[in-house]
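A.B. asks:
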Amino acid sequence: SWNGDDQGNLSVSGSRAQGGLTLAGDLGVRRQASDILVETSRVRDGASPATTVIENSDFNGTNVFDMANARLSADYDLNPTDRISGEVNWREFSGESNGVGMFQRSDGNGVISDRYQRLSDNAFGSNGVSARTSWRRKFSGQQHELVADFEYDSTESNRDQDAIQTTSVGTIPNYVEQIRTTNGRDAYGFKVDYTRPMGERQTLKLGYEGDLTQDSFDFFGARGPDASALLPVPALTNRFEYDQTIHAAYVTYDRPFGELDVQAGLRVEQVDFTLNQITDAVVVERDYLRAYPTIHMGYQLTDTQRLRGSYSRRIARPSPQDLNPYTIYQDPQNLRRGNPDLEPEITDSFELSWQMRAGQSYYSLTGFYRDSEGGVTDVAQDLGNGVVLTTRENLGQSERIGVEFIANGKVGSQITYNASGSVYRNEIVTPGIGERSGTTGMARASINWQPTPNDFFQLNGFYIGEQVQAQGAREPFGLLNLGYRRKITEDFSLVLTGTNILDTAEQRIAIDTPTFRDETYVRFSEPTYFIGFTYLFGGSQGRRPEPAFDYGQPQGPG
Numbered sequence: 011s012w013n014g015d016d017q018g019n020l021s022v023s024g025s026r027a028q029g030g031l032t033l034a035g036d037l038g039v040r041r042q043a044s045d046i047l048v049e050t051s052r053v054r055d056g057a058s059p060a061t062t063v064i065e066n067s068d069f070n071g072t073n074v075f076d077m078a079n080a081r082l083s084a085d086y087d088l089n090p091t092d093r094i095s096g097e098v099n100w101r102e103f104s105g106e107s108n109g110v111g112m113f114q115r116s117d118g119n120g121v122i123s124d125r126y127q128r129l130s131d132n133a134f135g136s137n138g139v140s141a142r143t144s145w146r147r148k149f150s151g152q153q154h155e156l157v158a159d160f161e162y163d164s165t166e167s168n169r170d171q172d173a174i175q176t177t178s179v180g181t182i183p184n185y186v187e188q189i190r191t192t193n194g195r196d197a198y199g200f201k202v203d204y205t206r207p208m209g210e211r212q213t214l215k216l217g218y219e220g221d222l223t224q225d226s227f228d229f230f231g232a233r234g235p236d237a238s239a240l241l242p243v244p245a246l247t248n249r250f251e252y253d254q255t256i257h258a259a260y261v262t263y264d265r266p267f268g269e270l271d272v273q274a275g276l277r278v279e280q281v282d283f284t285l286n287q288i289t290d291a292v293v294v295e296r297d298y299l300r301a302y303p304t305i306h307m308g309y310q311l312t313d314t315q316r317l318r319g320s321y322s323r324r325i326a327r328p329s330p331q332d333l334n335p336y337t338i339y340q341d342p343q344n345l346r347r348g349n350p351d352l353e354p355e356i357t358d359s360f361e362l363s364w365q366m367r368a369g370q371s372y373y374s375l376t377g378f379y380r381d382s383e384g385g386v387t388d389v390a391q392d393l394g395n396g397v398v399l400t401t402r403e404n405l406g407q408s409e410r411i412g413v414e415f416i417a418n419g420k421v422g423s424q425i426t427y428n429a430s431g432s433v434y435r436n437e438i439v440t441p442g443i444g445e446r447s448g449t450t451g452m453a454r455a456s457i458n459w460q461p462t463p464n465d466f467f468q469l470n471g472f473y474i475g476e477q478v479q480a481q482g483a484r485e486p487f488g489l490l491n492l493g494y495r496r497k498i499t500e501d502f503s504l505v506l507t508g509t510n511i512l513d514t515a516e517q518r519i520a521i522d523t524p525t526f527r528d529e530t531y532v533r534f535s536e537p538t539y540f541i542g543f544t545y546l547f548g549g550s551q552g553r554r555p556e557p558a559f560d561y562g563q564p565q566g567p568g
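This note's numbering puts the first residue of the sequence shown at 11, with every later residue one more than the last.
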């Protein structure tokens, strides 16, 4: 599909089965362009308007992204009990972001002390390849099998930024700046699962999973009065490496107790990582052994209704960049630094749900309580002279209590719907910051209308309520998309889509600290409309259903 603003996408997919061999593949390309507007106001209150400091900055720019991907997979049955599978994926991404930023510092009376303009050109991209191979052996008895998988993924990414800063008020010197960033990542994974029936409605599953991840980061920055007199800047230049190894063993056992089905499980992980901050000659080595139990229960109330309950312990690990202790320059007003002392987030989750399935309708209502320790969050600190340092810290505790829902069904003979969402209250405690709480919700839904066998309409959207954070909040945010498919022949269809049709791709983020307040407004996409065609090759027997609408949906700022 394509639109009049030099945006669009093209995808081809297919599969073929013959004998014991099944081949499948996909190929896709996409170009996406959007305008972006970022406005930030930072206020440092003083004893009087003359001692109050107000910093306003804005950025107007354009983003253009080009993406391509290809996939080839194969399954081959060696004999009735053994199957080998393989898959190779290739992906490439490149983009440009260009724009102009303005910064102004004044007091509460409107007297301007500093003002500058910053022109920036950014080029970024990544390419990667991943491969997976597996072997499955079926033994006698239902669900009795052994599966072994090996995966490899390699990614290289880079970002180049050229900027020219020109001062019109104040003493900040004019300069030219160049920043270069490269990142390499190699990940290896091996997994083996053994499943064995242990009697009527009883199953034992044993497994091992090993993962090795190797990351390398290289940041370089230079600055000077012009492009011919650039010198390296320590605050823009650093290198670090991160290696992480995870060994996990797990077991689950299913068995009934009358009408009650119970599954109990335990996963034990040994994690080792080494962070080598080469520039500062800082090496951090850590290891920890953790256990994660689970239990799931189900009870059939009627032929259509079922109760489920569960407890699980989960882990979320900080990223390598979260751990990097080097202070990184973002712009003249903002610095960022990771924290090598971060702990992983551990969450204990309790859930109780009611489910009903009748014909084409499915409904689920789940109440949950989630108690988390150590969630990773941003913490902003005022360093003075107009500079703010953002670091990463562990939350002391976060408690979420609420309900989740799922509803899928049909109204009459032409309308179907599917919706999901949640409403919950979140209370967080951050050491040195304090407590914050708030109630929020989120929802995602699609409504489909098929007035004739050849016409299909869809409304698709989501909404996220206000999100409380350690030092502020994100305001509500949502998008609505529209799709229409006209089947011209059994194989050929016209497709029209509209993304962000209500022009709501924007978000406001507030930070409130004892020394300053930040308010940021981000607008990152305009309403976009595409026209395209789909063609299904091959006979009608055994074909896949019509592909879902591709909205190329923009996401909110991270």
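Even for Gly, the Cβ is constructed at its ideal location relative to N, Cα and C.
The structure displayed is predicted, hence computed values, not measured ones.
Starting from the C-beta of valine 278, find all residues in its chain whose C-beta is less than 8 Å away, skip the five residues before and the five after it, and write them out in chain order.
C.D. replies: Along the sequence shown, read from residue 1 onward, the residue named residue 278 stands at position 268. Hits under 8 Å: Ala258, Ala259, Tyr260, Leu299, Arg300, Ala301, Tyr302.
A.B. asks: Give me whichever residues DSSP pairs with threonine 426 in a beta bridge.
C.D. replies: For the purposes of this step, residue 426 is taken as residue 416 along the sequence shown, with counting starting at 1. Per DSSP, Lys420, Asn458.
A.B. asks: Does glutamine 17 pass the burial test, meaning 16 or more other C-beta atoms within 10 Å, or should it be called exposed?
C.D. replies: Within the sequence shown, numbered from 1, the residue matching residue 17 stands at position 7. Result: buried.
A.B. asks: Whole beta strand (DSSP E) runs in the stretch 433–485 with 3 or more residues, listed along the chain?
C.D. replies: If one requires a minimum length of 3 residues, the beta strand (DSSP E) runs lying completely within the stretch 433–485 are 444–462, 465–474, 477–479, 482–484, in chain order.
A.B. asks: Between the alpha carbons of arginine 9 and isoleucine 189, how many angstroms are there, rounded?
C.D. replies: Lying outside 11 to 568, the shown extent of the chain, residue 9 is not represented and no answer is given.
A.B. asks: Any idea if arginine 115 is buried or exposed, counting beta-carbon neighbours within 10 angstroms, 16 or more meaning buried?
C.D. replies: For the purposes of this step, residue 115 is taken as the residue at position 105 of the sequence shown. Arginine 115 should be labelled buried.
A.B. asks: Consult DSSP for proline 242 and reduce its assignment to one of helix, strand or coil.
C.D. replies: Walking along the sequence shown from the start, residue 242 turns up at place 232. Proline 242 falls in the strand class under three-state DSSP.
A.B. asks: Go through its chain and collect everything with a Cβ distance to asparagine 193's Cβ below 6 Å, but skip five positions before and after it.
C.D. replies: Working through the sequence shown from its first residue, we reach residue 193 at position 183. Result list for asparagine 193: Ser167, Phe227, in chain order.
A.B. asks: I need the boundaries of the beta strand (DSSP E) containing glutamine 28, first residue and last residue.
C.D. replies: As a first step, residue 28 must be located in the sequence shown, where it is residue number 18. Unbroken beta strand (DSSP E) run through glutamine 28: 18–28.
A.B. asks: Using C-beta distances below 8 Å, list every residue in its chain close to glycine 488, excluding the 5 sequence neighbours before and after it, in chain order.
C.D. replies: Translated into the one-based positions of the sequence shown, residue 488 becomes position 478. Here the set comprises Gly471, Phe472, Tyr473, Ile474, Thr514.
A.B. asks: Determine the closest residue to leucine 20 out of Ile46, Met77, Ser136, Glu65, with distance taken between C-alpha atoms.
C.D. replies: To locate residue 20, count along the sequence shown from 1; it is residue 10. It is Met77 whose Cα lies nearest to the Cα of leucine 20.
A.B. asks: Beta-carbon of glycine 384 versus every beta-carbon of chain D: anything under 8 Å?
C.D. replies: Protein chains in the displayed structure number just one, and chain D is not present.
A.B. asks: I'd like to check one pair, glutamine 42 with phenylalanine 75: are the Cβ atoms closer than 8 Å?
C.D. replies: Against the sequence shown, residue 75 aligns to sequence position 65. Against the sequence shown, residue 42 aligns to sequence position 32. For phenylalanine 75 and glutamine 42, yes; Cβs fall inside 8 Å.
A.B. asks: Using a Cβ-Cβ cutoff of less than 7 Å, which residues in the same chain neighbour glutamine 310 once the five nearest sequence positions on both sides are dropped?
C.D. replies: Sequence index remark: in the sequence shown, residue 310 carries index 300 (1-based). Excluding positions up to five away in sequence, the list reads Glu269, Arg316.
A.B. asks: Once DSSP output is grouped into helix, strand and coil, what is the label at glutamine 331?
C.D. replies: Mapped onto the sequence shown, residue 331 falls at position 321. Helix, per DSSP.
A.B. asks: If contact is defined by three or more beta carbon pairs under 8 Å, each pair taking one atom from either stretch, is the stretch 100–114 in contact with the stretch 136–144?
C.D. replies: yes
A.B. asks: Please classify proline 330: is it buried, with 16 or more other beta-carbons within 10 angstroms of its beta-carbon, or exposed?
C.D. replies: Indexing the sequence shown from 1 puts residue 330 at position 320. Buried, by the Cβ-count rule.
A.B. asks: So the beta strand (DSSP E) serine 123 belongs to, where does it begin and stop?
C.D. replies: Start at 1 with the first residue of the sequence shown, and residue 123 comes out as number 113. Unbroken beta strand (DSSP E) run through serine 123: 122–148.
A.B. asks: Compute the Euclidean distance between the alpha carbons of histidine 154 and lysine 215, then round it to the nearest angstrom.
C.D. replies: Translated into the one-based positions of the sequence shown, residue 154 becomes position 144. Translated into the one-based positions of the sequence shown, residue 215 becomes position 205. Their Cα atoms are separated by approximately 10 Å.
A.B. asks: Could you please give the first and the last residue of the uninterrupted beta strand (DSSP E) stretch that includes histidine 154?
C.D. replies: The residue you call residue 154 lines up with position 144 of the sequence shown. Segment: none, histidine 154 is in no beta strand (DSSP E) and carries neither H nor E.
A.B. asks: Please list, in chain order, all residues of the same chain as aspartate 388 whose beta carbon is under 6 Å from its beta carbon, the five residues on each side excluded.
C.D. replies: As a first step, residue 388 must be located in the sequence shown, where it is residue number 378. Closer than 6 Å at Cβ, skipping near neighbours: Thr400.
A.B. asks: Tell whether a beta-carbon distance below 8 Å holds between asparagine 132 and arginine 169.
C.D. replies: Position 122 of the sequence shown, counted from the first residue, corresponds to residue 132. Position 159 of the sequence shown, counted from the first residue, corresponds to residue 169. Closer than 8 Å, so yes.
A.B. asks: Does the Cβ-Cβ distance between glutamine 343 and glutamate 65 come in under 8 Å?
C.D. replies: Mapped onto the sequence shown, residue 343 falls at position 333. Mapped onto the sequence shown, residue 65 falls at position 55. Inclusion of glutamine 343 and glutamate 65 in the CB contact set at 8 Å is warranted, their separation being smaller than that value.
A.B. asks: Report the option in Val386, Phe415, Val398 whose CA atom is closest to the CA atom of serine 408.
C.D. replies: What you label residue 408 is simply residue 398 of the sequence shown in a count that begins at 1. Of the candidates Val386, Phe415, Val398, the one whose C-alpha sits nearest the C-alpha of serine 408 is Val386.
A.B. asks: DSSP three-state call for glycine 514: helix, strand or coil?
C.D. replies: Within the sequence shown, residue 514 is the residue found at index 504, counting from 1. A quick correction: the sequence has threonine, not glycine, at residue 514. Here threonine 514 sits in coil by DSSP.
A.B. asks: Which of the three DSSP states is assigned to proline 59 in this structure?
C.D. replies: As a working mapping, residue 59 is identified with position 49 in the sequence shown. It is helical.
A.B. asks: Assign threonine 440 to one of two classes, buried (16 or more other C-beta atoms within 10 Å of its C-beta) or exposed (fewer than that).
C.D. replies: Within the sequence shown, numbered from 1, the residue matching residue 440 stands at position 430. Buried: at least 16 other Cβ atoms inside 10 Å.
A.B. asks: Output yes or no for whether 8 Å exceeds the beta carbon distance between leucine 333 and leucine 352.
C.D. replies: Here residue 333 corresponds to residue number 323 of the sequence shown, with the count starting at 1. Here residue 352 corresponds to residue number 342 of the sequence shown, with the count starting at 1. The criterion of a C-beta distance shorter than 8 Å is satisfied by leucine 333 and leucine 352.
A.B. asks: Which residues mark the beginning and the end of the beta strand (DSSP E) in which asparagine 344 is found?
C.D. replies: For the purposes of this step, residue 344 is identified with residue 334 of the sequence shown, where counting begins at 1. Looking at the DSSP string, the run of the beta strand (DSSP E) that includes asparagine 344 is 344–347.
A.B. asks: According to the Cβ coordinates, are phenylalanine 10 and glycine 111 closer than 8 Å?
C.D. replies: In the structure as shown, the chain starts at 11 and stops at 568, and residue 10 therefore has no counterpart that could be examined.
A.B. asks: Please return the same chain residues whose Cβ sits closer than 6 Å to the Cβ of alanine 34, not counting the five positions on each side in sequence.
C.D. replies: Here residue 34 is taken as the residue at index 24 of the sequence shown, counted from 1. The beta carbon of alanine 34 sits closer than 6 Å to the beta carbons of Ser25, Ser83 from its chain, once the five residues preceding and following it are set aside; these are given in chain order.
A.B. asks: Rounded C-beta distance between glycine 71 and isoleucine 46? I'm assuming under 8 Å.
C.D. replies: As a working mapping, residue 71 is identified with position 61 in the sequence shown. As a working mapping, residue 46 is identified with position 36 in the sequence shown. With 8 Å as the limit, glycine 71 and isoleucine 46 qualify as a contact, their Cβ atoms being about 5 Å apart.
A.B. asks: What residue from Gln481, Ala417, Thr357, Phe113 has the CA that sits closest to glutamine 365's CA?
C.D. replies: For this step, residue 365 is matched to residue 355 along the sequence shown. Residue Ala417 is the option with its Cα nearest to glutamine 365.
A.B. asks: For threonine 191, which beta-bridge partners are listed by DSSP?
C.D. replies: What you label residue 191 is simply residue 181 of the sequence shown in a count that begins at 1. Beta-bridge pairing links threonine 191 to Arg169, Phe229.
A.B. asks: Does DSSP put glutamate 269 in a helix, a strand or coil?
C.D. replies: Along the sequence shown, one-based indexing puts residue 269 at 259. Here glutamate 269 sits in coil by DSSP.
A.B. asks: For a test of the three-state rule: what should DSSP assign to arginine 211, helix, strand or coil?
C.D. replies: In the sequence shown, counting from the first residue as 1, residue 211 sits at position 201. The answer is coil: DSSP assigns arginine 211 none of H, G, I, E or B.
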